[in-house]
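Residue 142 in the UniProt record's numbering sits at position 142 of the sequence shown, and the numbers go up by one each step.
In this text, a Cβ means the ideal position worked out from N, Cα and C, and glycines have one as well.
Keep in mind the model is a prediction, meaning the values are calculated, not measured.
One structure is given below, encoded as structure tokens.
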Amino acid sequence: MARRDVLLGITQAETTKPERPASAGYAARGASRSMLSSIGELAAQAAKAERLLEGETVVELDPGLIDDSFVSDRMDNGDEAFTELVKVIGERGQDSPILVRPHPAMSGRYQIVFGHRRARAAKQLGKPVRAVVKELQDRDHVVAQGQENSARANLSFIERAVFAQNLSDLGHDRETIQSALAIDAPMLTRMLSVTKRIPDVIIRAIGAAKGVGRDRWLDLTLLIEKPSNLTKAVELVGTETFKSAATDDRFDLLFNLLTTSRKPKKGAGARPTARSWALAGKSVRVTTKDTGNAFTLALKAKDASRFGAYLSENLEQLYRAFSELEEKEAGE
Numbered sequence: 001m002a003r004r005d006v007l008l009g010i011t012q013a014e015t016t017k018p019e020r021p022a023s024a025g026y027a028a029r030g031a032s033r034s035m036l037s038s039i040g041e042l043a044a045q046a047a048k049a050e051r052l053l054e055g056e057t058v059v060e061l062d063p064g065l066i067d068d069s070f071v072s073d074r075m076d077n078g079d080e081a082f083t084e085l086v087k088v089i090g091e092r093g094q095d096s097p098i099l100v101r102p103h104p105a106m107s108g109r110y111q112i113v114f115g116h117r118r119a120r121a122a123k124q125l126g127k128p129v130r131a132v133v134k135e136l137q138d139r140d141h142v143v144a145q146g147q148e149n150s151a152r153a154n155l156s157f158i159e160r161a162v163f164a165q166n167l168s169d170l171g172h173d174r175e176t177i178q179s180a181l182a183i184d185a186p187m188l189t190r191m192l193s194v195t196k197r198i199p200d201v202i203i204r205a206i207g208a209a210k211g212v213g214r215d216r217w218l219d220l221t222l223l224i225e226k227p228s229n230l231t232k233a234v235e236l237v238g239t240e241t242f243k244s245a246a247t248d249d250r251f252d253l254l255f256n257l258l259t260t261s262r263k264p265k266k267g268a269g270a271r272p273t274a275r276s277w278a279l280a281g282k283s284v285r286v287t288t289k290d291t292g293n294a295f296t297l298a299l300k301a302k303d304a305s306r307f308g309a310y311l312s313e314n315l316e317q318l319y320r321a322f323s324e325l326e327e328k329e330a331g332e
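Laid out in structure tokens, this is it:
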């Protein structure tokens, strides 16, 4: 079988556009069209990432000679999925090789293009790392790294947004970033809007927040742009209550604080406000009403009773975080 050009998917990404067959009797619009397009793009990126490994010799490398990529694509490393990966590799070995390139600055060492978690798991187990070694320039490196992560679809929105910001900070153009993340120009604009408007210290303090999607991060940017809210946010992320919470809960603590701690101006009656939104892929519907001297929250879901009980049990923790901020403000 003729040897394929393993970089074909990258080097021709800018010039070759796949033909789209006309759909019979159905015109995808809005969210449907966007979702179908995303699925198709992820499949294409998966194929491109796989082609980088096809027909190449797999070698075993000492993990001590392998360095991380020059651009980070993850925010949390000690999650349950990684623990499970270590267990699987320990029991049956490393099924798929990672991709590395000769280190551009240090002779005899290698730099990971993709497969950081597999490399870290092998190192933790004291095993050699199965890898394909390939010469890649920086642009091809970041595109391959981003495409592999897009194909696996295991990064959260904010991790992908931070990755995009990191690439931008390193001087990569928008076309390269879009190719790496398999996204269009409007999505890249939204991602960079979040990372530029929310301070990095806040994003890092929240973490990967796997259960928090694009829309809620965009909502947070609107809240945090107010100087008084930014001050509250910085204070909250420094509290032990915040630090000890899980990453998704940290986002909720901050979002809820900035949403519900608005105080009416003196001498003016507080107008009732109501909000409604969906959680967990629309499986939970939340409605709140604030009249100034009373605040009500309603949940609609199959497990609304149990979820409500969970919230009730954790109200003390939420109120403690709120009180810490109130005390700090009173002392200023």
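- Task: Quick one: using the 10 Å Cβ neighbour count with 16 as the cut-off for buried, is Gly108 buried or exposed?
- Result: exposed
- Item | Backbone secondary structure at Ala233 - three-state DSSP | helix
- Message: Going by DSSP in three states, Ser32 sits in which element: helix, strand or coil?
- Response: The predicted model places Ser32 with a pLDDT of 44, which falls under 50 and marks its position as unreliable, so this point remains unresolved.
- Under the three-state reduction of DSSP, which class applies to Arg130: helix, strand or coil? strand
- Taking the alpha-carbon positions, what's the Tyr110 to Lys328 distance? 49 Å
- Item | For Ala298: DSSP bridge partner residues | Thr287
- Task: Taking the CB atoms as reference points, tell me whether Ile66 and Ala144 lie closer together than 7 Å.
- Result: no
- Task: List the residues that DSSP assigns as beta-bridge partners of Asp67.
- Result: Gln111
- Item | Alpha carbon of Ser305 to alpha carbon of Glu60, nearest angstrom | 53 Å
- With DSSP run on the structure shown, which of helix, strand or coil describes Leu279? strand
- Val194 lies in the beta strand (DSSP E); which residues open and close that run? First-last for Val194: 185-197, but that is the alpha helix (DSSP H), not the beta strand (DSSP E).
- Mind the definition here: the stretch 207-227 touches the stretch 166-178 only if three or more C-beta pairs lie below 8 Å; say whether that holds. no
- Put Thr260 into one of helix, strand or coil per three-state DSSP. helix
- Task: Spell out a yes or no on whether the stretch 190-202 and the stretch 162-169 are touching, meaning 3 or more CB-CB pairs, one atom from each, closer than 8 Å.
- Result: yes
- Query: Touching or not, the stretch 121-141 and the stretch 82-100, by the rule of three or more beta carbon pairs under 8 Å?
  - Reply: yes
- Message: Taking 7 Å as the threshold (C-beta atoms), are Leu257 and Ala236 in contact?
- Response: Reading off the sequence shown, one finds Leu at residue 236, where the question assumed Ala. Against a cut-off of 7 Å, the Cβ pair of Leu257 and Leu236 comes out as a contact.
- Using alpha carbons as the reference points, say which of Glu80, Asp68, Glu313, Ile206 lies closest to Met106. Asp68
- Pull up the distance between the alpha-carbon of Ser312 and that of Leu318, whole angstroms please. 10 Å
- Task: Please work out which residues of its chain come closer than 8 Å, Cβ to Cβ, to Glu225, disregarding the five sequence neighbours upstream and downstream, and give them in chain order.
- Result: Arg197
- Task: With DSSP as the reference, please indicate the residues paired to Arg101 in a beta bridge.
- Result: Gln111
- According to the neighbour-count rule (16 or more other Cβ atoms, all chains shown, within 10 Å of its Cβ), is Asn314 buried or exposed? exposed
- Query: Got a sec? Which residues, its chain only, sit under 6 Å from Glu324 by beta carbon, not counting five neighbours each side?
  - Reply: Thr239
- Secondary structure of Val59, DSSP reduced to three states: strand
- Task: For Leu230, I'd like the list of residues in its chain whose CB is within less than 8 Å of its CB, leaving aside the five on either flank, ordered along the chain.
- Result: Pro199, Ile224
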